[in-house]
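Everything on this sheet refers to the single structure shown next.
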Amino acid sequence: MKILNNPLVSMLLAAIVVLTFFYFMNIGIMSIQGLPLNANLTPAQ
Amino acid sequence: MLHKRLNSLQLLPKMRLQKLLNIMLVAVLFLGASSLVSNLFIGDVYADSVAQRIQSVGSILLEGEPQPEPVVVEAVETEPAPAPQGAPKLKREDYPRVGASSRSVVWIAAQMHLFFAAFVLAVPLFVLVIEWIGIKYADDRYDDMAHEFMKITMTAYSITALLGGFLAFSLFLLYPQVMEYMMRVFNLQVLVYAGLFFAESALLYIYYYSWDALRYGNKKWLHLTVGLGLNVAGTTLLVVANAWVTFMMAPSGVDATGAVVGNIWEIIKGPLWNPINLHRFIANIAFGGAIVGAYAGYKFLSAKTVEMRAHYDWMGYTANFIAILAFLPLPFAGYWLMAEIYAYSQQMGITAMGGILAWLFIVQAVLIGTILLAGNYYLWAGMSRTEGSKRYAWMIKYIAMVLVACFLVWVTPHTLILSADEIKQLGGSHHKLLGPLGIMPAKNIAVNLMLIFTFLSFQLYRRADKIATVPYANFLNALMVVIYVVAIANVIFAGVYYGYFTNTVYKVGSSVMQVATTLVVIASGIIIDTFLFKKADMIPAVWGRVSNRSQYALFALPIAFTWLMALMGYVRSSVRTHWHVYTVMKDNSPDNFVPSIGYAGNMMTIVTILFLGMVLFIFWIASLSETKQSKPLAQQELEA
Amino acid sequence: MSQEVKKHHQTETDQQALPPSSGVLTKVLGFSVGLTLVFTLVANLLPQVEGEAPVDEVIDLGALTPESFAALGEKLFMGKGTCTLCHKPPPLGRAPDIQGENMVGLAEQRLADERYQGEAETAEAYILESMIEPSIYVVKDWGVAGSDDTVSPMPKVNAAPIELTEVEMNAVIAYLQHKDGNDITVELPTETPAVEEQAPGATGGAPLPAQSAEEAIKKYGCQACHSLLGSSSPVGPTLDDVARRLDRQQIQQSILDPAAVISEGFANMMPTDFAEKMTVNELNMIVDLLAASPADSTDSDSTEADSSETTTATETSNEEVAQ
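Chains as they are written, first to last, in the working numbering: chain L, 1 to 45; chain Z, 1001 to 1640; chain D, 2001 to 2323.
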């Protein structure tokens, strides 16, 4: 897709994808250890 | 034409089938042997009574005859099962005295043996992979390099064996009661260990000496299978010996007095066994890679032709690649080991990292900093092999700055030994600014960032000789940049927020988050680069076009690895404090105290220098085996 | 072979010879040994702490007072019990800061907690139960991760590797009660079996123990107030001839519990925390030195310094100290 060649668009898209991934990874990794997090990543316990 | 095509078609399935069969054969043999061996030692050793074993199978009655009276036979007395015996309780006078500190003798013997054992177990592992790569890419260079690595291993193997003998003798001489107890606990398993050496030796000799005889086609797959068998035997030896050491730290299968109450499998599989297995397996590979890298570096510096220089430059790069690649997951394996130690005994864990041995981890920081800096420096220096690296040269100084800053954070201690005056000057027992840098969250941030940036150096090096041609290259590059930025931010966030502003449990748990982040960077870097450089334009890279100075990184690496291995082995061993077998057999020898760090450091230097000398001996033997004295002219003329 | 001859034999520039590399072995060896020595230097520059090996000490139980029993408990808390490995003030502690808290008050709170499943009814029993069966009641947020505060990471104090005896555990309880001014409710031991007490296995960060009596005296600043070993000071009683006035037992008490007996004419100014700062070794070396100072052949408790002995001062029974 040509639009992806636009550096701004590709950076933005990449940022969205990566931030989402890390956000859910953080929550997932803490919860499998029995340490749940709130939506703002603060400890839930 | 058809005839030729048919022939080649027939050959392919045969090769694959042959390979498959060979691999299955070895796997089955190993699984069978190991399950047989383990079954032998599971279950009751003491027999049921004789009477129960010899059952009557029936009786014959004659017609008319009265039924015989049943005869009650008294059970034959078997030997009563021996009372379970605990570990011996030793007094100071029970220990043999030989005029030197027994602990230092065994320390040197054990560490030397472990250095060489690690080497001879590791080299066949990556030699097998290199040999396989040579087949896959049909490149003779890989095969020749693998062969050359094995040549070094042969001499090392003898030295490993004689050091093992020295260690065994010194243990039986200086700690006979400890050894008596260990033999009592491990029983026949020690003979299994000894017996495995028959397999290891046979496979090693066959693997090395059949190299040229089993060079091509199906025979090459047979050769690979022999190599696989060699590695299976070697790994089994490793895990069997690991059981002794982990038993001494965290005994299992015995009761509180040390009497054996479980079977041999329960004794072997303690809580620390698998963490040590994983850690030593990976660390051996890193260590072995570093040593052959030094070999390559040495041969590079003394190369007499440009071709030799190129050959050994390439070998050095490959060895360094193996060493750093295996080194990257080591902190995680080490973390698992420490976590299991804490889970087994919080006291033991804190002794290691928060108690008397805590300073050792500052020394460890110095060593790992050296390793990472040397590895990175070698990669940066190697960028000169290709013109395409000029695009990335600007990043190097920033990577260096981050590495040095992280190293300084890692090296900062938390608890300082202060006099009353100094406490007054400091305004407390910890420095206000630097104190917080001394605890685990800061260290975790530093380590993870160092690993991320080392991977960055590595990725830049790999990219240096390529130009991407795929249509979505811009997006993939943007993705990579964003991944780095977000990962670095995530590591810092996890460390600072959970480390300093939440409670202990979340602090400890956040380190897993950081590790995962680093692993994501590494995995995504590899995957993205694979897609990005499909059908890439290659910029020529010249092997051998690298400075002499860069080779010193290849010497720094094994020295640091060796000293680090000695250091960590010392921590592992002394975390037992005054116990031979923790909680079960107390140590009352004259050496039952934790020595000062300077004394320990001096011991490590002794073993490192001894090891250096022996390794040079091995390299010399390897090149001696290639040296041919030319016939003197007088004799030539006589024969002409 | 000369360059020209070599060129005849080569078809590629790959075979081009390089100038001979001089002294590669020396340079490589020098670098390697040098780097090794850098690591050695780092290890030797760091603070040198030697772990003290466990040492048996015999204590005369008949000579113990409640205060000295509590002092023994404190010594055990820091040493053989290895309590301070985990029980430290936040944020370092991996266990509640029992030294910093009033344990008797806290114990009563915990006994009233609905989660409490044990059988203790007094603070003394609660503390003992926490030592013998730590998992019966785990303070909130201190349990093993994932066990929801039902499993304690604390080892059993009366089992290996700590192996405190019943007397020793009572001493620790006495200390925990005494330090906040609560009454000591544990019974003093009355028999005199040899109590095995082991010298502290050093916890991290402890200052270096002194190697001689003189070093110890300098370390603890005795000469700031006492005339001793050539220095003079009017603040406290002179110690140059203290063996004339006090026996070993009394000298030791004066160091560990200075407020028990104040010499006439002097103020109650002596630091009271030597018992926690000094190692057993250091204490013994100092007492040996002071007890060996020139003494009369007459008996040692006849001077004015002793005239205000309180009932808690001990008899002049000899305390055996075996190392």
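Glycine residues also receive a C-beta, built at the ideal position from the N, C-alpha and C atoms.
When Z:G1355, Z:V1515, Z:A1478 and Z:F1561 are compared, the shortest CA-CA separation from V1491 of chain Z is found for Z:V1515. According to DSSP, residue pairing for T1305 of chain Z in a beta bridge involves D:A2017. Residue D:P2096 holds the alpha-carbon nearest to the alpha-carbon of T1504 of chain Z among D:P2047, D:P2096 and D:M2078.
F21 of chain L belongs to the set of residues whose beta carbon lies under 9 Å from a beta carbon in chain Z.
Around the beta-carbon of M2269 of chain D, fewer than 16 other beta-carbon atoms lie within 10 Å, marking it exposed. In the DSSP assignment, the residues bridged to M1538 of chain Z are Z:K1466.
Contact annotation for H1578 of chain Z against chain D: A2053 and P2054 [CB-CB distance below 7 Å, chain order].
Contacts with chain Z (Cβ-Cβ distance below 9 Å) from the stretch 2017–2038 of chain D involve A2017, L2018, P2020, S2021, V2024, L2025, K2027, V2028, L2029, F2031, S2032, V2033, L2035, T2036, L2037 and V2038, listed in chain order.
One alpha carbon belongs to L13 of chain L, the other to S1510 of chain Z, and they sit about 27 Å apart. Look at W1579 of chain Z here: in three-state DSSP terms it is strand. Pairing Y2137 of chain D with Q2109 of chain D gives a Cβ-Cβ distance that is not under 9 Å. In terms of Cβ geometry, Y1312 of chain Z and G1297 of chain Z form a close pair [threshold 9 Å]. Contact between the stretch 1420–1437 of chain Z and the stretch 1382–1393 of chain Z is absent: fewer than 3 CB-CB pairs across the two stretches fall below 8 Å. Here F1561 of chain Z has F1287 and A1290 as same chain residues with Cβ atoms under 6 Å from its own Cβ, once five neighbours each way along the sequence are excluded. Contact of A15 of chain L with chain Z by beta-carbon distance below 7 Å involves V1482.
Burial state of S2254 of chain D is buried, judged by a 10 Å Cβ sphere holding 16 or more other Cβ atoms. With a contact defined as Cβ atoms closer than 8 Å, F2039 of chain D and L1373 of chain Z miss out at about 14 Å.
DSSP places V1028 of chain Z in the helix class (H, G or I) of the three-state scheme. The three-state secondary structure of P2047 of chain D, taken from DSSP, is coil. The beta-bridge partner set that DSSP reports for V1260 of chain Z consists of Z:V1254. Here DSSP, grouped into helix, strand and coil, assigns M2154 of chain D to coil. Apart from sequence neighbours up to five positions away, no residue of its chain approaches E1074 of chain Z with a beta-carbon distance below 6 Å. Neighbours of V2042 of chain D in chain Z, taken as residues whose beta carbon is under 7 Å from its own, are V1363 and V1366 in chain order. For A2159 of chain D, the residues of chain Z that pass the 8 Å Cβ criterion are A1256 and T1583, in the order they occur in the chain. By the neighbour-count criterion, in which a residue is buried when 16 or more other Cβ atoms sit within 10 angstroms of its Cβ, G1195 of chain Z is exposed. For T1412 of chain Z, no Cβ of chain D is located within less than 9 Å of the residue's own Cβ. Comparing alpha carbon positions, the residue from Z:S1574, Z:Y1472 and Z:I1159 closest to F1619 of chain Z is Z:I1159. For K2277 of chain D, no pairing in a beta bridge is given by DSSP. In this chain, the alpha helix (DSSP H) harbouring V1190 of chain Z covers Q1189 to Y1209. Only residues of its own chain outside the window of five on either side were considered, and among them S2068, A2071, F2274, A2275 and L2283 have a CB closer than 8 Å to the CB of L2256 of chain D, listed in chain order. The C-beta distance from Y1193 of chain Z to V1129 of chain Z rounds to 26 Å, too long to meet the 8 Å contact threshold.
Listed along chain Z, the residues sitting closer than 8 Å to L2046 of chain D by beta-carbon distance are W1359, I1362, V1363, I1597 and G1598. Among the CB atoms of chain D, one or more fall inside 9 Å of the CB of S1302 of chain Z. If you draw a straight line from the Cα of F1198 of chain Z to the Cα of L1222 of chain Z, it is about 20 Å long.
Excluding residues up to 5 positions away in sequence, I1452, T1517, T1518, V1520 and V1521 lie with their Cβ nearer than 8 Å to the Cβ of A1487 of chain Z in the same chain. With respect to V1575 of chain Z, G1258 of chain Z sits apart: the two C-beta atoms are not nearer than 9 Å.
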